[in-house]
Amino acid sequence: MLPDGDKLTFSGSSSIRFDSSGRVTSTVGSFIYCPAGGDGKSKALKLALSGNAFYTGDVDQNCS
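Sequence positions in the sequence shown follow the UniProt record's numbering and run 1 to 64.
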């Protein structure tokens with residue numbers, strides 16, 4: 001659960017599917033977390049086809 005006012009978006013598919021080897025079989029994308037304090041503090045986590053997630057840190061994208 002996110003704190004009040006915070007937002008989390010995903011740029012890929014509406015659901016994430018993995019095969020038995022852990023690879024992503026749906027569209028990959030990035031999770032963007034925007035705290036209520038403003039878009040200047042947004043953080044990103046990129047989901048790769050391999051099933052790994054990579055923290056990309058501060059981003060200029062917003063959650064609107």
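No residue lacks a Cβ here, since even glycine has one placed at the ideal position from N, Cα and C.
All figures in this text were calculated on a predicted structure; none of them were measured in a lab.
In angstroms with no decimal places, state the Cα-to-Cα distance between Asp43 and Cys34.
In the sequence as displayed, the identity of residue 43 is Lys instead of Asp. Using only the alpha carbons, I get a separation of about 7 Å.
Taking Ser26 and Ser13 to be in contact with their CB atoms under 8 Å, please state how far apart those CB atoms are, rounded to whole angstroms.
Ser26 to Ser13, Cβ: 4 Å. Contact.
Opening and closing residue of the beta strand (DSSP E) in which Ser30 lies:
Looking at the DSSP string, the run of the beta strand (DSSP E) that includes Ser30 is Ser30 to Cys34.
Who does Leu8 pair with in a DSSP beta bridge?
Residue pairing of Leu8 in beta bridges, as defined by DSSP: Tyr33.
Let me check understanding here. Comparing Cα to Cα, which of Ala36, Ala48 and Phe31 lies closest to Gly22?
Checked all of Ala36, Ala48 and Phe31; the closest Cα to Gly22 is Ala48.
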